[in-house]
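So the structure is just underneath, and the comments pick up after that.
2 protein chains.
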Amino acid sequence: MLPYKSLIRIDRKSRQPIYLQVANRFISLIQDGLIRPGTYLPGSRILAELLSLHRKTIVAAYDELASQDWVAPVPRKGMMVASNLPEIKPRTFSGARHAYEQEPAFALNEIPMLPHPRIAGRQKKLVVNDGFPDVRLAPLDEWIRECRSLIQHPAYYRHLAFSPATGNEHLRAQLVKHLSGTRGLNIIPENTMITRGAQMSIYLAAALLIHKGDYVITGSPNYYFADMTFEQLGAQLLRVPVDKDGLDVDAVERLCKKKKIKLLYVISHHHHPTTVTLSAERRMKLLEIIRQYNLAVIEDDYDYDFYYSAAPIVPLASADHGGHVIYVGSFTKSLGLSLRIGFMIAPKHFIERAAALRKLMDLGGDNLVEEALANMLKEGVVARHLKKANKVYWERRDAAGALLQQLGRQVTFQLPQGGMAIWLKFQPELDLPQMITQAASLGLTMNFPHQYFYGMQPENAIRFGFASLNQRELTQAVGIMEKAIGMQ
Amino acid sequence: MLPYKSLIRIDRKSRQPIYLQVANRFISLIQDGLIRPGTYLPGSRILAELLSLHRKTIVAAYDELASQDWVAPVPRKGMMVASNLPEIKPRTFSGARHAYEQEPAFALNEIPMLPHPRIAGRQKKLVVNDGFPDVRLAPLDEWIRECRSLIQHPAYYRHLAFSPATGNEHLRAQLVKHLSGTRGLNIIPENTMITRGAQMSIYLAAALLIHKGDYVITGSPNYYFADMTFEQLGAQLLRVPVDKDGLDVDAVERLCKKKKIKLLYVISHHHHPTTVTLSAERRMKLLEIIRQYNLAVIEDDYDYDFYYSAAPIVPLASADHGGHVIYVGSFTKSLGLSLRIGFMIAPKHFIERAAALRKLMDLGGDNLVEEALANMLKEGVVARHLKKANKVYWERRDAAGALLQQLGRQVTFQLPQGGMAIWLKFQPELDLPQMITQAASLGLTMNFPHQYFYGMQPENAIRFGFASLNQRELTQAVGIMEKAIGMQ
Chain S
-14 MLPYKSLIRI
-4 DRKSRQPIYL
6 QVANRFISLI
16 QDGLIRPGTY
26 LPGSRILAEL
36 LSLHRKTIVA
46 AYDELASQDW
56 VAPVPRKGMM
66 VASNLPEIKP
76 RTFSGARHAY
86 EQEPAFALNE
96 IPMLPHPRIA
106 GRQKKLVVND
116 GFPDVRLAPL
126 DEWIRECRSL
136 IQHPAYYRHL
146 AFSPATGNEH
156 LRAQLVKHLS
166 GTRGLNIIPE
176 NTMITRGAQM
186 SIYLAAALLI
196 HKGDYVITGS
206 PNYYFADMTF
216 EQLGAQLLRV
226 PVDKDGLDVD
236 AVERLCKKKK
246 IKLLYVISHH
256 HHPTTVTLSA
266 ERRMKLLEII
276 RQYNLAVIED
286 DYDYDFYYSA
296 APIVPLASAD
306 HGGHVIYVGS
316 FTKSLGLSLR
326 IGFMIAPKHF
336 IERAAALRKL
346 MDLGGDNLVE
356 EALANMLKEG
366 VVARHLKKAN
376 KVYWERRDAA
386 GALLQQLGRQ
396 VTFQLPQGGM
406 AIWLKFQPEL
416 DLPQMITQAA
426 SLGLTMNFPH
436 QYFYGMQPEN
446 AIRFGFASLN
456 QRELTQAVGI
466 MEKAIGMQ
Chain H
-14 MLPYKSLIRI
-4 DRKSRQPIYL
6 QVANRFISLI
16 QDGLIRPGTY
26 LPGSRILAEL
36 LSLHRKTIVA
46 AYDELASQDW
56 VAPVPRKGMM
66 VASNLPEIKP
76 RTFSGARHAY
86 EQEPAFALNE
96 IPMLPHPRIA
106 GRQKKLVVND
116 GFPDVRLAPL
126 DEWIRECRSL
136 IQHPAYYRHL
146 AFSPATGNEH
156 LRAQLVKHLS
166 GTRGLNIIPE
176 NTMITRGAQM
186 SIYLAAALLI
196 HKGDYVITGS
206 PNYYFADMTF
216 EQLGAQLLRV
226 PVDKDGLDVD
236 AVERLCKKKK
246 IKLLYVISHH
256 HHPTTVTLSA
266 ERRMKLLEII
276 RQYNLAVIED
286 DYDYDFYYSA
296 APIVPLASAD
306 HGGHVIYVGS
316 FTKSLGLSLR
326 IGFMIAPKHF
336 IERAAALRKL
346 MDLGGDNLVE
356 EALANMLKEG
366 VVARHLKKAN
376 KVYWERRDAA
386 GALLQQLGRQ
396 VTFQLPQGGM
406 AIWLKFQPEL
416 DLPQMITQAA
426 SLGLTMNFPH
436 QYFYGMQPEN
446 AIRFGFASLN
456 QRELTQAVGI
466 MEKAIGMQ
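As given, the protein sequences belong to chains S and H, one line each in that order. In terms of our numbering, the first sequence is residues -14 to 473. In terms of our numbering, the second sequence is residues -14 to 473.
Right, here's the structure in full:
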């Protein structure tokens, strides 16, 4: 008999049941040829004693092996290892290997890419990011409760095997209520589509709208992933200035007079990267332009849920835009969980087309995850979380603002009305990339300015994401920045 | 005092804690104006008695209200409803409504769409589908265990907030092992990318390869979502016959001699829709053609995991193809859970480009879900499930084959070597759409033939997905088909 006591080791800390550990070890021993086809496994009583396990555990392990056809019971003889082993080896028709070491000789389409935005220090804990939520505040307990509740009811779970391309119906209905309550949007479920995040909404809308060579108006600067998406789809970008009141709508109008514009991309709240909010006056004017020049508009409202000193202005999508505004947003940032769920609001016909395209891109979403989010909306979990997180981020914005005064005349900024980041403009004399490299050597990771100026000459400015840092971390981060500036 | 006893109803069956139910009711009463700003809530002792709840529950509810700023404690007076209510209403800048009832006046790009494939009877339980797994066999207990284990460790969970565009690193490593063991693929993690399913892999690969006007070779017939994707991306489809040994590779070669072909799409196992497997001889020949004419190949191996009478032949991707074969597959079908996870295998440089494009489409995946799948692969859960499901589907294929004999000369078919469907060809005299409509009236839902012949003249054939039906359901389904044929 083989030295089973040493061959079959049990890990009592493993989450895997012991009988399965035993069965899996036997499978390895059979696959490795240590136990030959046609031989017999030791009797369950004997093996149980050898391994100091209950006999029932061994019987369960043998049953598992039999159910997988590795062994078969032979009357009065015990468990025989199958001579016709179930591990069917694939038939090879060609002996070659390592084919993927070679790069193919055919040309690939160009995809817009950013230079790698981060440097050494990446793995360090202290990171001033682009403006992400604090995952430590995420409504994790509530999320766990919803998921558990769904996965513990297999009968119900099985209805959730497939989500349509427009998304889970329950979530669409809850989204309508949520957007009506928070944004004054007056829509029906047929105007909604659940996506994998705001980015998928942007891609889908842009892919429906842009023909190669079309002109698209964006800000100067603008959210880089949006710009890259439009370019990828064949658009020519026309940039208009962004000042303290948001996009310069007069510049938009001048462009519309000169050229046939297909699409306008606008971030009405807390513009990325500059964090400014489009003023009510400019919104009115923009609505006129949209109608007059028959513009399609993607309104990216990724950060609406967080606002501080002032009440938010309703989005363009809530106004009288004649169906021109495709409204996109996300729950990913709002909740700070790993789930990636966003939405798109548009006329019914547009949603139908978008769903047809989405089928080609990924068929549909994860219905279970979407159902869990619907329940969180219904039960007020999302609303409660937003209220609490908003208070925390408001305090952090003010704390960050006070701390950044330490940097003196090296930096200027305006506290944003909402969102998760402050736009820091540094003096032209300061070598910002060098300062960021020095900060990294002191343990602080930040983004480089070039990523905020995709396709443009970078200015001396970066986003300071304050939301994910508590008071102590904010103090540390600004302290390191001060030191790094002093090293110049 | 308000009649709180009737205004605040507690649902003891709800999963929501009672204190939250009380707090939420108070919020509604405040929002509805029934409780006015500046008034006081009843003392916790009094309310506890009124509602027959513990006083601590009321105190917790009031704390919740205070933490959300709905009320504030006033010394010796109790909880006062805030005069400055926290529900900040968005500022409207325009009174208009119902903007999404209008359809926009701008043109949308055409998206290939199928006519709606299903008819009445859709909601009925008995469905002969395209070839989907039986969700009743899904490894749900194991999946629940993995998810629970991850979500019950917040410290770990928080590391999972973001998945890179190429996917969770642990899952990529496990995928390498899985594909090596099952398919003889010799790759490193840098050759892999985790996607939202095989469809996203097809879309990404095709979008990297296809320039408008490029020729793409597919089968006649072919998987409709692949054809639609290639057309959406601007390709011109060239179709070659599919016979019992798969794609006609001589026809492929003739096309390559005549035209500059960019891409070949091939389903080497259980071709969709016809279920045939590409023979070893044709694979050899195809590899020669690929190299000679510098073809890019998308090998869609969506159904490899299920094979019956014969051992599977390794995919083209496992052979010596010089990096030309982009290999795509999925765990969605293999596991039958709601999760949508697929993969793409390609040279490193190709994967990097694909990741850049995927960022524009949806940034990245759900890291938690990917980590849970990695654990299931590591612990052998996936291998065990596949082995068990394979046995069940094998029995069902044979049972379906025996039952379909009842239809006599009306139908001809070849049992497939693997996969989840049988390709049924009906006699030309039979009005198949009418038969399907009649079957629907008898309670059986099936697909119409047109969806299997996208862009072609439909033949009298449909897929009979047997995997999701047990013996009793198969008997019922074939019985209804027999009756429906008899009604003609």
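Every residue, glycine too, gets a C-beta built ideally from N, C-alpha and C.
Give me the chain H residues within the contact set of Tyr378 of chain S, using Cβ-Cβ distance strictly less than 8 Å, ordered along the chain.
Indexing the first sequence from 1 puts residue 378 of chain S at position 393. In chain order: nothing, as chain H lies at least about 14 Å away.
Taking only beta-carbon positions, decide if Asp54 of chain H is within less than 9 Å of chain S.
Taking the first residue of the second sequence as 1, we reach residue 54 of chain H at position 69. Asp54 of chain H counts as touching chain S.
Please state whether DSSP places Pro226 of chain S in a helix, a strand or coil.
If you number the first sequence from 1, residue 226 of chain S lands on position 241. Strand, per DSSP.
Taking Ala406 of chain H as the reference, which of H:Gly428, H:Asn432, H:Glu266 has the closest Cα?
Within the second sequence, residue 406 of chain H is the residue found at index 421, counting from 1. Nearest C-alpha to Ala406 of chain H: H:Asn432.
Can you check which of these residues, S:Arg382, S:Gln419, S:Gln423, S:Leu392, is closest to Gly403 of chain S by C-alpha distance?
By one-based count along the first sequence, residue 403 of chain S stands at place 418. Among S:Arg382, S:Gln419, S:Gln423, S:Leu392, the Cα nearest to that of Gly403 of chain S belongs to S:Arg382.
Apart from the five residues just before and just after Leu5 of chain S, which ones in its own chain have a Cβ nearer than 6 Å to its Cβ?
Here residue 5 of chain S refers to the residue found at position 20 when the first sequence is read from its first residue. Excluding positions up to five away in sequence, the list is empty.
What does Val251 of chain H pair with, by DSSP beta-bridge criteria?
If you number the second sequence from 1, residue 251 of chain H lands on position 266. Note: Val251 of chain H sits in a beta bridge opposite H:Glu284.
Return the residue from the list S:His83, S:Val225, S:Leu232, S:Ile15 that minimises the CA-CA distance to Gly50 of chain S.
Counted from its first residue, the first sequence places residue 50 of chain S at position 65. Reading off the sequence shown, one finds Leu at residue 50 of chain S, where the question assumed Gly. Per the Cα distances, S:Ile15.
Taking a cut of 8 Å between CB atoms, which residues from the stretch 189 to 214 of chain S lie near chain H?
Ala192, Leu193, Leu194, Ile195, His196, Lys197, Phe210, Met213, Thr214
Is there a Cβ from chain S that is less than 9 Å from the Cβ of Ala302 of chain H?
Translated into the one-based positions of the second sequence, residue 302 of chain H becomes position 317. Yes, because at least one Cβ of chain S sits closer than 9 Å to the Cβ of Ala302 of chain H.
Are Gln436 of chain S and Gln473 of chain S closer than 9 Å when you measure CB to CB?
Stepping through the first sequence from its first residue, residue 436 of chain S is reached at position 451. Stepping through the first sequence from its first residue, residue 473 of chain S is reached at position 488. Cβ distance not < 9 Å, so Gln436 of chain S and Gln473 of chain S don't count as in contact.
Compare the Cα-Cα distances from Gln221 of chain H to each of H:Glu95, H:Glu380, H:Ile195 and report the closest residue.
In the second sequence, counting from the first residue as 1, residue 221 of chain H sits at position 236. Among H:Glu95, H:Glu380, H:Ile195, the Cα nearest to that of Gln221 of chain H belongs to H:Ile195.
What do you reckon, is the C-beta of Ala452 of chain S under 8 Å from a heavy atom of the ligand NAP?
Ligands displayed in this structure: none; no statement on the ligand NAP is therefore possible.
Can you name the start and end residues of the alpha helix (DSSP H) that Thr214 of chain H belongs to?
Taking the first residue of the second sequence as 1, we reach residue 214 of chain H at position 229. Note, Thr214 of chain H: alpha helix (DSSP H), 209 to 217.
Would Phe449 of chain H pass as a contact of Leu400 of chain H if the rule is Cβ separation under 9 Å?
Counting from one through the second sequence, the residue named residue 449 of chain H turns up at place 464. Counting from one through the second sequence, the residue named residue 400 of chain H turns up at place 415. Not closer than 9 Å, so no.
At the 9 Å Cβ level, is Arg(-6) of chain S part of the contact set with chain H, yes or no?
Numbered from 1 along the first sequence, position 9 holds the residue referred to as residue -6 of chain S. No - not a single Cβ of chain H is within 9 Å of the one on Arg(-6) of chain S.
What do you get for Gly327 of chain S, buried or exposed, if any count of 16 or more other CB atoms within 10 angstroms of its CB means buried?
Against the first sequence, residue 327 of chain S aligns to sequence position 342. With 16 or more Cβ atoms within 10 Å of its Cβ, Gly327 of chain S is classed as buried.
Report back the beta-carbon spacing between Ala296 of chain S and Tyr312 of chain S to the nearest angstrom; my notes put them in contact at under 8 Å.
As a first step, residue 296 of chain S is located in the first sequence; it is residue number 311 there, counting from the start. As a first step, residue 312 of chain S is located in the first sequence; it is residue number 327 there, counting from the start. About 19 Å separates the two Cβ atoms, so there is no contact after all.
Are there three or more Cβ pairs, one per stretch, closer than 8 Å when the stretch 267 to 284 of chain S is compared with the stretch 228 to 245 of chain S?
yes
DSSP state of Gln442 of chain H mapped onto helix, strand, coil
Taking the second sequence and counting its residues from 1, the one referred to as residue 442 of chain H is at position 457. Residue state, collapsed to three classes: coil.
Counting only Cβ pairs nearer than 7 Å, list the residues of chain S close to Glu88 of chain H.
Translated into positions along the second sequence, residue 88 of chain H becomes position 103. Here the neighbours are Gly308, Pro332, His334.
Quick one: which chain H residues come within Cβ less than 7 Å of Ser29 of chain S?
If you number the first sequence from 1, residue 29 of chain S lands on position 44. The premise fails here: Ser29 of chain S is roughly 21 Å from chain H at the closest Cβ pair, so nothing lies under 7 Å.
Could you tell me how far apart the beta carbons of Leu459 of chain S and Leu145 of chain S are, in whole angstroms, since I believe they sit closer than 8 Å?
Counted from its first residue, the first sequence places residue 459 of chain S at position 474. Counted from its first residue, the first sequence places residue 145 of chain S at position 160. At roughly 41 Å, the Cβ-Cβ gap does not stay under 8 Å, so Leu459 of chain S and Leu145 of chain S are not in contact.
For Ile470 of chain H, which of helix, strand or coil comes out of DSSP?
Locating residue 470 of chain H in the second sequence gives position 485, where the first residue counts as 1. Helix at Ile470 of chain H.
DSSP three-state label for Ile31 of chain H, please.
The residue you call residue 31 of chain H lines up with position 46 of the second sequence. The answer is helix: DSSP assigns Ile31 of chain H an H, G or I state.
Helix, strand or coil, according to DSSP, for Leu179 of chain H in the structure here?
Counting from one through the second sequence, the residue named residue 179 of chain H turns up at place 194. Checking the displayed sequence, the identity of residue 179 of chain H turns out to be Ile instead of Leu. Correct three-state label for Ile179 of chain H: strand.
Minimum Cβ-Cβ distance from Ile172 of chain S to chain H less than 9 Å:
Translated into the one-based positions of the first sequence, residue 172 of chain S becomes position 187. Closer than 9 Å to some Cβ of chain H, the Cβ of Ile172 of chain S qualifies, so yes.
Please list, in chain order, the residues of the stretch 350 to 372 of chain S that have any C-beta partner in chain H closer than 8 Å.
Gly350, Asp351, Asn352, Leu353, Val354, Glu364, Gly365, Arg369, Lys372
Go through the stretch 356 to 437 of chain H residue by residue and report every complete run of the beta strand (DSSP E) that reaches 3 residues or more, in order.
406 to 411
Please report the Cβ distance between Leu248 of chain S and Asp199 of chain S, rounded to the nearest whole angstrom; I am assuming they are in contact, meaning their Cβ atoms lie under 8 Å.
If you number the first sequence from 1, residue 248 of chain S lands on position 263. If you number the first sequence from 1, residue 199 of chain S lands on position 214. So it is a contact: roughly 7 Å between Cβ atoms.
Check whether the Cβ atoms of Leu156 of chain S and Gln184 of chain H lie closer than 9 Å to each other.
On the first sequence, position 171 is the one that residue 156 of chain S refers to. On the second sequence, position 199 is the one that residue 184 of chain H refers to. Not in contact: Leu156 of chain S and Gln184 of chain H (Cβ atoms no closer than 9 Å).
Could you check how far apart the C-beta atoms of Pro89 of chain H and His309 of chain S are, in whole angstroms? I think they sit under 8 Å.
Looking up residue 89 of chain H in the second sequence gives position 104. Looking up residue 309 of chain S in the first sequence gives position 324. Contact holds; Cβ gap of about 5 Å.
Contacts of Gln1 of chain S in chain H (Cβ-Cβ under 7 Å)
As a position in the first sequence, residue 1 of chain S is number 16, starting the count at 1. Going along chain H in sequence order, the residues near Gln1 of chain S (Cβ under 7 Å) are Glu364.
State the start and end residues of the unbroken alpha helix (DSSP H) segment that holds Tyr4 of chain H.
One-based indexing of the second sequence puts residue 4 of chain H at position 19. Counting along the chain, the alpha helix (DSSP H) containing Tyr4 of chain H begins and ends at 3 to 16.
Can you give me the C-alpha to C-alpha distance between Arg107 of chain H and Lys41 of chain H, rounded to a whole angstrom?
Within the second sequence, numbered from 1, the residue matching residue 107 of chain H stands at position 122. Within the second sequence, numbered from 1, the residue matching residue 41 of chain H stands at position 56. Residue confidence for Arg107 of chain H is low, a pLDDT of 49 falling below 50, so the modelled location carries little weight and cannot support an answer.
Does the stretch 209 to 229 of chain H come close enough to the stretch 239 to 247 of chain H that 3 or more CB-CB pairs lie under 8 Å?
yes
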